[in-house]
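Chemist: Just dropping this structure here.
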Amino acid sequence: MPPPVPDDVNDFDSFIRFARSLSNGLIEDSTAYPNVGSADFLESLAAWLEDARVNHQDIDTFDKWRFVAQLLVAGLMYE
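Numbering (full-length UniProt numbering), first residue to last: 1 to 79.
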């Protein structure tokens with residue numbers, strides 16, 4: 001199963017589907033993402049936010065549900 005795409009998230013309901021898809025992916029294959037532990041996830045999330053700011057991404061203009069979806073993916077994948 002391919003990972004869900006944050007760009008497909010545009011409202012509360014699509015975020016719920018996105019989060020469930022991430023969860024199901026982890027249930028099916030716990031090695032699918034490098035940062036499944038809480039500490040690794042949170043560190044990766046924080047690092048992605050810092051890098052996004054440094055790279056001048058205008059985080060304040062992101063759609064809020066898409067932004068939260070992107071945070072989840074960043075926490076799971078960012079290194």
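For glycine and all other residues, C-beta sits at the position ideal for the given N, C-alpha and C.
Just the Cα atoms here: how many angstroms apart are V36 and G75?
Modeler: Here the question's residue 36 lines up with position 36 in the sequence shown. Here the question's residue 75 lines up with position 75 in the sequence shown. When rounded, the distance between both Cα atoms is 8 Å.
Chemist: Please report the distance separating the alpha-carbon of V5 from that of A39.
Modeler: As a first step, residue 5 must be located in the sequence shown, where it is residue number 5. As a first step, residue 39 must be located in the sequence shown, where it is residue number 39. Looking at the two C-alpha atoms, the distance is approximately 23 Å.
Chemist: DSSP state of F41, grouped into three classes?
Modeler: Residue 41 sits at position 41 when you count from the first residue of the sequence shown. Three-state result, F41: helix.
Chemist: How long is the line joining the alpha carbons of L45 and V73, rounded to whole angstroms?
Modeler: As a working mapping, residue 45 is identified with position 45 in the sequence shown. As a working mapping, residue 73 is identified with position 73 in the sequence shown. So the two alpha carbons sit approximately 8 Å from each other.
Chemist: Look at the alpha carbon of L22 and the alpha carbon of M77, and state the distance between them as a whole number of angstroms.
Modeler: The residue you call residue 22 lines up with position 22 of the sequence shown. The residue you call residue 77 lines up with position 77 of the sequence shown. The alpha-carbon atoms of L22 and M77 are separated by roughly 12 Å.
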